[in-house]
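Residue numbers (the working numbering), protein chains in the order written: chain H, 1 to 807; chain A, 1001 to 1197; chain W, 2001 to 2270. From the three backbone atoms N, C-alpha and C, an ideal C-beta is built for every residue, glycine too.
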Amino acid sequence: MSPSFGRGAMTNSWQDMQNSECFLIAGSNCAECHPIAMKWVNRARAKGAKVIVVDPRFTRTASQADIFAQIRPGTDIAYLGAMINYYIENKLYDEYYVKNFTNALYKISKDFAFNDGLFSGFDPETKKYDYSSWAYQLDAENKPIKASSLDDPDCVFQKLKTHFSRYTFEVASKITGIPQEKIKLIADTFAAAKPGNIFYALGMTQHTTAVQGIRCYAIIQLLLGNVGKAGGGIQALRGEPNVQGSTDMANLNANLPGYIPYPTNQEKTLHDFAMKNGSVQHKPLVALLKAWFGKNATAENEYGYQWLPKNNPSNMPIQPQFFNKMAEGQFKLLLNWGSNSTVSIPDRKLVARGLSALEMLVVADVFLTETAQFWREPGLNPAEIPTEVIFLPAAFVYEKAGSMTNSSRLIQWKEAAIPPLNGVHPDLDMLDHIFKKVRALYAGSNDPKDEPILKANWDYGDHEADPLKVLQELGGYNDVTGKPIASIGEYLAAPVGTVSTGCWIYTGVTPEGQNLADRRGNADPTGLGLNKDYAFAWPGNIRVLYNRASCDAYGQPVDPRRKLIWWDPAQNLWVGNDGPDVADKTKGPDTPEGKQAFRMNPEGVGRLFAATYKSGTLATPPESIAAVPIRGAGMTVDGPMPEFYEPIESPTPNLLHPNVQNNPLAKIVSTDFGNPDEYPYVLTTYGVVEHFCAGAITRNIPWLNEIAPEPYAEISRNLAHKIGVKEGDEVEVSSARGKLVVRALVTDRIQTLKINGKDQETIGMPWSWGFASLSPGPSTNNVTMNACDPGAGTPEYKCCLVNIRRA
Amino acid sequence: MMEVTRRGFLKLSGLSAAVIASGLGFNLEAKAAQGRVLKLAGTTKIPSICHFCSGGCGLLLHIKDGKLIHLDGNPDNPINEGTLCPKAASLAQVAYSPDRPKNPLYRAPGSDKFVDITWEEAYDRIAKKIKEVRDKTWVSTEEIINATTGAKETVTVNRAEGICMIGSAEVDNEESYLLSKLARLIGTPFHEHQARI
Amino acid sequence: MARKMVFIDTSLCTGCKACSVACKAWNDLPAEKTKRIVSYQTQADFTPTTWTYVQFRENYKNEKMQFNMIKLQCFHCADPACMKACSSDAIYKTETGYTLIDQDKCIGCGYCTKNCPWEVPKTDSKINKTSKCTGCIDRVEAGMKPACVQTCQPGALQFGDYDEMMAVAQARLAELKLSNHKANLYGDQFMGSTTYLYLLEDTPYSYGLHPNPVSPISLTIWKDLVHPLGGIAIGASAVAIAGGVVANFVMGNYAKRAKKIAESHNEGGK
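Now the structure itself:
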């Protein structure tokens, strides 16, 4: 979503779902994996909202649907492309919105092209794109040139129209297996009931075409004018309790906290970093360095920029690639916090291979996970595994104080309710102890390499680390006044180098003497579920992102029943029920700033075409980088518009361009692949309501093992008949990478699909089991494939080829 | 397995009386008069947050004498208004689970078992290993080709090439932040987590 | 306290089983070892420590899947057969509408089970006590919702005063009938009307429920006719004889019959 809207976050909230008129739930089984969604979806249904579910299986979510379509896994872009084509051809888009809040009118470079599955700029050697042709035509001031009408052949709208014209209902139906008339019904239903809301989760992201699938959603919602409105938007239902927070905190190799791009070896100095990333990223990096190195971070020493380890872009493994780097001998020590890779990594034999090559593995978790006990897995010989393993038992969520950020960016604080069982330690204490011990080992060193450890600002208490002190570091301090930063406005107004923030997007969460994440005011005077006085949502307590787009040219709400914000001419101010998501609250709806609904994009508009572009209007740069364009656009590495590619393992040729079967940029980690002759069935994997992810916690909860004791393979009656299997019989599921035996769940909820004229079977398997715990079971990731989306790095868990036989 | 205590406290008398709702929607005093002892009587209620999907549903823990008596949904949390899915509703069983390890565990190279170690020992071993691997795999500079000028340059990169970290979406923000900070301070940019998977 | 109702709108149920877990959590009931039975169902029947569970039925007709998920528990009949059958006067009604077993009086004879149209009560033969859903009477009388109702996220379970809930149920039925002529209420027309009332999307048969459960005629004779006289007019030995005869009635096969009906339907549906 970041390349479309400017921020990668879920746009609205759980409570806001009650305001929708229609839901497209596709790539999410929310009744099982995000059950709280159903509370609010059903509240909207009680008011007449329609529900559309698209899924490879008729799920428990589908039981609530008005329209259900069974799709072949990994083919979403085909039918979504057909919806986009249909909306454009039949003028079902919101013309005011498209012209004012998107880049539809922006002219694209004459060099841009798309031929036979590839965009312009493709280098077959490196398998990467040079994005320079995916650009706007620019004027003398470096601003994009706008066309006067949507009919201009150079404009984004026409590029979109041409690109998606190949996506007819007929083609989409042949690829996806959804009947043509059903795709049309979905398109019509979703366009007719506004605001329409789209939910997705891992069903959409666990593909080698993850980002482009989400881009389809963004394009649909921008065309229909559904973004920035109560009841609208795109809800990225995130998978873990604090995955929003952990990505905000940059537990990823490409960022520093607050989505600051991670410095690489190309940015030799802080100045180089600013030149490359713009002053918009320069300021938060300086604020972060000040938080990390305190008074040791000065303008003279580049605020400690040299102390940061720099990425080498040619060696930046993502988590699914870590285990290869261990096996190859690069990594000797893995510090593993609350992650059960032995169950969760696709093609999981790679994990044991990697862990066995380590000198030491440290695992912190609540229960003894399969990862901590990887050397005990049946089939492995512990005597041959030299890895030292240390397991640190961790306190559970309610045994410690701290905050978590939910899917809708809401930072909620909790106190410890009971003391940690057996005196186990909260993770915070573990990290605090480990860092202090390391620092003590380096005490007195004069080696420059040890400076980052010795010069660090690390003081969270003497014995037990105080999480509130950490939250205050995130929210930050004004170094001029010495006080906590009161609001994001104060941060934005402060000159570079005068504030320190551990995570600049969290500014305002801890004003002096307060912890806004701990607010409990649950009043809802508007009935829109905004609950503005409950906890704190980043940025700046805005509950519906891009809410400027809910207003007309005069700054007044277009939907009188769902008023979020408006321009108050009497006060000369943007005001409202929600926090206004505008660049400057004092700039009226007719000013350049006041028109921007997507202020985090350099163009200020939503991006139907993800063009490469750098510009900006919010600069407060230091003199040395005043001329640098300050805001860069989020990019999609595999194309400025979505294109359908077959999954890496697919049963059929790509109908649109047989010569470019798969995403040419996909990151392939697995080494073994199967073909449809040997492995004719498509496997899709998923979670269930009764267990959570790799099951590290839930398989140790007896009440949950009672309601979901074992994994299974869901197969259609046709397939069951074909392989001679009855409900409950044991079956062996195998791929080119491995196999496992489970019991068959024979069901009508999966039907044989017709794909490009041929019958195609789908097999569904939950993945939450492993060899340990109170309820062990075989791991589905024996058979899945490790091939990742080039942008998001998500592996293609949702489709691979398998065979199945009676065990 | 939990002992079946239900029959012990629920001695059903069949009497009933008008009950005055309190802030939480029930009146504990009224209970005593009826011979049925509500297990929440005399508990302190402490709100928390669910540990599973990203809904952020509010939990309410009912505590007596420092012990968890019952766990259910927090009716005052506007996200879930007291409701919980089966996973969240089961979370009381984590509190005193006999399957939770009591102390740090150590597995020696080639060994087929874990042995108990103290926290002090665990932290010492980890810190020493961090130093050892950091020192022996340290890369202070590397040669690059400057993408803008095309020139060969030597740049400071300060990386502990042999250490990697898998952070977590299962811990609090403060913990997640310290994971990030610790990784980068000891010199590893190889910090990832399950957000991708 | 007025009569209460739990309204179960199966059209909103997503089969998450939170009700089953919340029941165990509130009532301190241990988990049982299970296997998956069919679809996503793992709990086959009530047990002394499983008082509510979700049953899954998949009906695929005309290229349409009807995924029927239904939470089952004691119906808390207004005119309960179990109470009539109880050999030790352990079963009683509350004015809130609940049917409860006094554990001090219960001897675990199992007559209640045999005569319940749905075989809800289950006896723990080790301690000779029979148990079942209490409707969370302790919570209800403290002004709280039953644990299952409180936890339900999709809003399939609602709780309130009987009349108020009946109006909600009727309105919801009317709404559902517009698109589904098979929709029906289950519970208001039998056993004196039940405290747990269902809105079904299909016939009771398709959920494995008896369409018109009644108290066995033998029970009616025993409890309403013979027994009131028994204490006064018949001598002790005669009571013993009559008791023996009636016990055979009481142990009759009503419940078995009801179950058979449901099972035969299931086979037919597949």
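Proximity winner among the options, relative to residue i (alpha-carbon distances)
| i | options | result |
| --- | --- | --- |
| Ser2020 of chain W | W:Glu2063, W:Met2001, W:Lys2129, W:Cys2133 | W:Cys2133 |
| Thr1141 of chain A | H:Gln306, H:Ile260, H:Met204, H:Lys50 | H:Gln306 |
| Gly196 of chain H | H:Thr652, H:Phe5, H:Thr507, H:Gln18 | H:Gln18 |
| Pro795 of chain H | H:Thr205, H:Lys174, H:Pro448 | H:Thr205 |
| Phe2007 of chain W | W:Tyr2207, W:Asp2161, W:Leu2178 | W:Asp2161 |
| Asn2184 of chain W | W:Met2191, W:Leu2200, W:Arg2172 | W:Leu2200 |
| Lys290 of chain H | A:Ile1069, A:Arg1196, A:Gly1187, A:Lys1181 | A:Lys1181 |
| Asn515 of chain H | H:Tyr546, H:Leu474, H:Val544 | H:Leu474 |
| Cys1085 of chain A | A:Val1139, A:Lys1064, A:His1051 | A:His1051 |
| Arg717 of chain H | H:Ala708, H:Thr747, H:Ile697 | H:Thr747 |
Short CB-CB distance (under 7 Å) between residue i and chain H
| i | result |
| --- | --- |
| Thr1083 of chain A | yes |
| Asp1172 of chain A | yes |
| Val2006 of chain W | no |
| Ala942 of chain A | Here chain A covers residues 1001 to 1197 and nothing more, so residue 942 of chain A does not appear. |
Min CB distance residue i to chain A below 7 Å
| i | result |
| --- | --- |
| Arg238 of chain H | yes |
| Ser132 of chain H | no |
| Met889 of chain H | Residue 889 of chain H falls outside the range modelled here, since chain H spans only 1 to 807, and no answer is possible. |
Cα-Cα separation between residue i and residue j, rounded to whole angstroms
| i | j | result |
| --- | --- | --- |
| Gly540 of chain H | Ile488 of chain H | 6 Å |
| Trp375 of chain H | Gln319 of chain H | 20 Å |
| Gly177 of chain H | Lys722 of chain H | 20 Å |
| Val731 of chain H | Ile701 of chain H | 27 Å |
| Ser132 of chain H | Leu1178 of chain A | 38 Å |
| Pro35 of chain H | Lys437 of chain H | 43 Å |
| Glu1170 of chain A | Leu1038 of chain A | 34 Å |
| Ser344 of chain H | Gly674 of chain H | 21 Å |
| Val669 of chain H | Pro346 of chain H | 10 Å |
| Leu335 of chain H | Phe1114 of chain A | 18 Å |
| Gly579 of chain H | Arg2057 of chain W | 47 Å |
| Gly2170 of chain W | Asp2188 of chain W | Residue 2170 of chain W is actually Gln in this sequence, not Gly. So the two alpha carbons sit approximately 11 Å from each other. |
| Leu237 of chain H | Ala417 of chain H | 27 Å |
| Thr636 of chain H | Gly527 of chain H | 38 Å |
| Trp504 of chain H | Gly245 of chain H | 13 Å |
| Ser1054 of chain A | Asn1173 of chain A | 13 Å |
| Met316 of chain H | Lys182 of chain H | 43 Å |
| Thr1154 of chain A | Thr264 of chain H | 13 Å |
| Met326 of chain H | Met38 of chain H | 42 Å |
| Asp590 of chain H | Phe5 of chain H | 21 Å |
| Lys2145 of chain W | Pro2204 of chain W | 26 Å |
| Ala626 of chain H | Glu141 of chain H | Here Ala626 of chain H scores only 44 on pLDDT, less than 50, and its place in the model is too uncertain to base an answer on. |
Any C-beta of chain W under 7 Å from that of residue i
| i | result |
| --- | --- |
| Met38 of chain H | yes |
| Trp538 of chain H | no |
| Ala1095 of chain A | no |
| Ser1090 of chain A | yes |
| Ala31 of chain H | yes |
Hey, which unbroken runs of the beta strand (DSSP E) at 3 residues or more fall wholly within the stretch 386-419 of chain H? 388-393, 402-405, 410-414
Inspect the CB distances between the stretch 1158-1166 of chain A and the stretch 494-513 of chain H and report whether three or more fall short of 8 Å. no
Could you tell me which whole alpha helix (DSSP H) segments of length 4 or greater appear in the stretch 264-299 of chain H? Complete alpha helix (DSSP H) runs here, min 4: 270-277, 279-293.
Go through the stretch 566-601 of chain H residue by residue and report every complete run of the beta strand (DSSP E) that reaches 3 residues or more, in order. The qualifying runs are 573-576.
Does the stretch 2139-2159 of chain W come into contact with the stretch 2112-2125 of chain W, if we say contact requires no fewer than three beta-carbon pairs (one atom in each stretch) closer than 8 Å? No, the stretch 2139-2159 of chain W is not in contact with the stretch 2112-2125 of chain W.
Considering only residues of the stretch 2131-2156 of chain W, which uninterrupted beta strand (DSSP E) runs meet the minimum length of 3 residues and lie entirely inside it, listed in chain order? For the beta strand (DSSP E) assignment, the stretch 2131-2156 of chain W encloses no uninterrupted run of at least 3 residues.
The stretch 650-659 of chain H contacting the stretch 105-117 of chain H, beta-carbon criterion three pairs below 8 Å: Contact between the stretch 650-659 of chain H and the stretch 105-117 of chain H is present, because at least three Cβ pairs lie under 8 Å.
Please go through the stretch 2041-2096 of chain W and give each complete alpha helix (DSSP H) segment of 4 or more residues, from N-terminal end onward. 2081-2085
Threshold first: 4 residues or longer. Then list the alpha helix (DSSP H) segments lying entirely within the stretch 293-362 of chain H, N to C. Fully enclosed alpha helix (DSSP H) runs of 4 or longer: 319-327, 341-344, 349-356.
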